[in-house]
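K.L.:
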């Protein structure tokens, strides 16, 4: 049995952190190897973890500035350990000297020291699904301009005379200034064009349980990302949460949803109206819950460690 140390950072209101947390929570149940999860924010903490656990492999949840203390020299100092980086997007991995890479893009093939893994879904427990009196359309995620919140509101206004739009948009630690986020949310309120359409915006960062409760409170969760801005972006983590709840999902044709764009029947808002996607139910989403199950996730990580 090998000891694998998974290192994450500590800033919770960050999509990269949340991906790492979900990964760590799944891998701790692996039966073959000893996967350990630690949150580290300094070289001193890193050294303490390495000395304490004496891992055979370290996996770093690395992306841009989230592990500012990490360096090529630090990895080379521990040359008897295999070092792997999580690849979210971009080329920051070239700053280090990883022995192999683990991509969060499940659409890629393994090869050349790169491995792709299934999406780390959440297992929702004791979820309550309210029956809404008015069609309720939800969305969630950090309020960047490319999330398409104004577009979503426009679509709902064009397709319904009466509906509730619920957007959960907490501020990200690594993101645009707070005043820009506030400006975006004000623009969302100004986008309502019908008296029968109401908008509810929540901003407090939620726990996983709280977010799943929010998702379950909507008749459908829609992600209307602006597709032209995402050519080189990683996969959206929003669907990891949305797929953990028994509610329909609709997406734009943004490349951040490339892992579900071939769903049949289509769940793309460019192909059909929201009501039709709701009417087609959940059967088309079942395949993703099966191939991205916790068992498949652990199986793939175990395979990577054993290669």
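Numbering (our numbering), first residue to last: 2 to 308.
Heads up, the beta-carbon is just placed ideally off N, CA and C, and yes, glycines get one too.
Closest to residue 148 by C-alpha separation, out of 213, 94, 77, 254, would be which residue?
P.N.:
Taking the first residue of the chain shown as 1, we reach residue 148 at position 147. Ranking the options by Cα distance to residue 148, first place goes to 254.
K.L.:
Take residue 58 and list the residues in its own chain whose beta-carbon comes closer than 8 Å to its own, dropping the five residues that flank it on each side.
P.N.:
Sequence index remark: in the chain shown, residue 58 carries index 57 (1-based). 3, 4, 5, 6, 82, 83, 84, 85, 306, listed in sequence order.
K.L.:
Along the beta strand (DSSP E) that carries residue 204, what are the first and last residues, could you check?
P.N.:
In the chain shown, residue 204 corresponds to position 203, counting from 1. Element bounds for residue 204: n/a, residue is neither H nor E.
K.L.:
For residue 266, which residues of its own chain have a beta-carbon under 7 Å away from its beta-carbon, when the five flanking residues on both sides are left out?
P.N.:
Here residue 266 is taken as the residue at index 265 of the chain shown, counted from 1. 281, 285.
K.L.:
Would you call the CB atoms of residue 279 and residue 249 closer than 9 Å?
P.N.:
Numbered from its first residue, the chain shown carries residue 279 at position 278. Numbered from its first residue, the chain shown carries residue 249 at position 248. Taking 9 Å as the Cβ cut-off, residue 279 and residue 249 qualify as a contacting pair.
K.L.:
For the 8 Å Cβ check, are there 3 or more pairs between the stretch 14-22 and the stretch 42-56?
P.N.:
Contact between the stretch 14-22 and the stretch 42-56 is absent, because fewer than three Cβ pairs lie under 8 Å.
K.L.:
Alpha carbons only, please: which of 238, 134, 136, 242 is nearest the one belonging to residue 256?
P.N.:
As a first step, residue 256 is located in the chain shown; it is residue number 255 there, counting from the start. Looking at the Cα atoms, 238 is the closest of the given residues.
K.L.:
What does DSSP give as the partner residues of residue 269 in its beta bridges?
P.N.:
For the purposes of this step, residue 269 is taken as residue 268 along the chain shown, with counting starting at 1. In DSSP, residue 269 forms a bridge with 252.
K.L.:
With H, G and I counted as helix, E and B as strand and the rest as coil, what does DSSP make of residue 155?
P.N.:
Counting from one through the chain shown, the residue named residue 155 turns up at place 154. Helix.
K.L.:
Would you call residue 9 buried or exposed, if buried means 16 or more other Cβ atoms sit within 10 Å of its Cβ?
P.N.:
On the chain shown, position 8 is the one that residue 9 refers to. Label assigned to residue 9: buried.
K.L.:
Please state whether DSSP places residue 44 in a helix, a strand or coil.
P.N.:
As a position in the chain shown, residue 44 is number 43, starting the count at 1. The answer is helix: DSSP assigns residue 44 an H, G or I state.
K.L.:
Threshold first: 3 residues or longer. Then list the beta strand (DSSP E) segments lying entirely within the stretch 10-89, N to C.
P.N.:
35-40, 58-61, 83-88, all fully within the stretch 10-89.
K.L.:
Alpha helix (DSSP H) containing residue 214: first to last residue?
P.N.:
Sequence index remark: in the chain shown, residue 214 carries index 213 (1-based). From DSSP, the alpha helix (DSSP H) with residue 214 extends over 209-217.
K.L.:
Is it buried or exposed, residue 308, if we count other Cβ atoms within 10 angstroms and call 16 or more buried?
P.N.:
In the chain shown, counting from the first residue as 1, residue 308 sits at position 307. Burial call: exposed.
K.L.:
Only counting the same chain, and skipping five residues up and downstream in sequence, which positions put a Cβ closer than 7 Å to that of residue 54?
P.N.:
Working through the chain shown from its first residue, we reach residue 54 at position 53. These residues qualify, in order along the chain: 4, 6, 37.
K.L.:
Let's see if you can read the secondary structure: which residues bound the beta strand (DSSP E) around residue 303?
P.N.:
Here residue 303 corresponds to residue number 302 of the chain shown, with the count starting at 1. Note, residue 303: premise wrong, no beta strand (DSSP E); alpha helix (DSSP H) at 295-307.
K.L.:
Which of the three DSSP states, helix, strand or coil, is assigned to residue 100?
P.N.:
In the chain shown, counting from the first residue as 1, residue 100 sits at position 99. Note: residue 100 maps to coil in three-state DSSP.
K.L.:
So residue 279 is in the alpha helix (DSSP H); what residue range does that whole segment cover?
P.N.:
Numbered from 1 along the chain shown, position 278 holds the residue referred to as residue 279. 275-280 is the extent of the alpha helix (DSSP H) around residue 279.
K.L.:
Less than 8 Å between C-beta atoms, sequence neighbours within five positions excluded: which residues of the same chain meet that for residue 27?
P.N.:
Here residue 27 refers to the residue found at position 26 of the chain shown. Once the five neighbours on either side are set aside, the close Cβ partners of residue 27 are 121, 295, 298, 299.
K.L.:
Straight-line CA distance for residue 79 to residue 70?
P.N.:
What you label residue 79 is simply residue 78 of the chain shown in a count that begins at 1. What you label residue 70 is simply residue 69 of the chain shown in a count that begins at 1. Roughly 15 Å separates the two Cα atoms.
K.L.:
Could you name the residues that DSSP lists as bridge partners for residue 128?
P.N.:
Residue 128 sits at position 127 when you count from the first residue of the chain shown. Answer is none; residue 128 lacks a bridge partner.
K.L.:
For the alpha helix (DSSP H) containing residue 243, name the first residue and the last one.
P.N.:
Sequence index remark: in the chain shown, residue 243 carries index 242 (1-based). First-last of the alpha helix (DSSP H) with residue 243: 239-243.
K.L.:
Could you tell me the boundaries of the alpha helix (DSSP H) in which residue 292 lies?
P.N.:
In the chain shown, counting from the first residue as 1, residue 292 sits at position 291. Unbroken alpha helix (DSSP H) run through residue 292: 287-292.
K.L.:
Look at the Cβ atom of residue 138, then the Cβ atom of residue 220, and state whether they are nearer than 9 Å.
P.N.:
As a working note, residue 138 is residue 137 in the chain shown. As a working note, residue 220 is residue 219 in the chain shown. In contact: residue 138 and residue 220 (Cβ atoms closer than 9 Å).
K.L.:
Distance check for residue 159 and residue 99, CA to CA, integer angstroms please.
P.N.:
The count along the chain shown starts at 1 and reaches residue 99 at position 98. The count along the chain shown starts at 1 and reaches residue 159 at position 158. Distance between the alpha carbons of residue 99 and residue 159 is about 50 Å.
K.L.:
Answer with buried or exposed for residue 258, where buried requires no fewer than 16 other C-beta atoms within 10 angstroms of its C-beta.
P.N.:
By 1-based counting over the chain shown, the position of residue 258 is 257. The residue is buried, with at least 16 neighbouring Cβ atoms inside 10 Å.
K.L.:
What does the Cβ neighbour count give for residue 105, buried or exposed, with the cut at 16 atoms within 10 Å?
P.N.:
The sequence position of residue 105 within the chain shown is 104, counting from 1. By the 10 Å Cβ count, residue 105 comes out buried.
K.L.:
Just the Cα atoms here: how many angstroms apart are residue 222 and residue 260?
P.N.:
Numbered from its first residue, the chain shown carries residue 222 at position 221. Numbered from its first residue, the chain shown carries residue 260 at position 259. Approximately 17 Å, taken between the alpha carbons.
K.L.:
Pull up the CB-CB distance for residue 216 and residue 242, whole angstroms please, since I reckon it's below 8 Å.
P.N.:
On the chain shown, position 215 is the one that residue 216 refers to. On the chain shown, position 241 is the one that residue 242 refers to. That pair is a contact at about 6 Å.
K.L.:
Between residue 45 and residue 11, is the Cβ-Cβ spacing less than 9 Å?
P.N.:
Numbered from 1 along the chain shown, position 44 holds the residue referred to as residue 45. Numbered from 1 along the chain shown, position 10 holds the residue referred to as residue 11. No.
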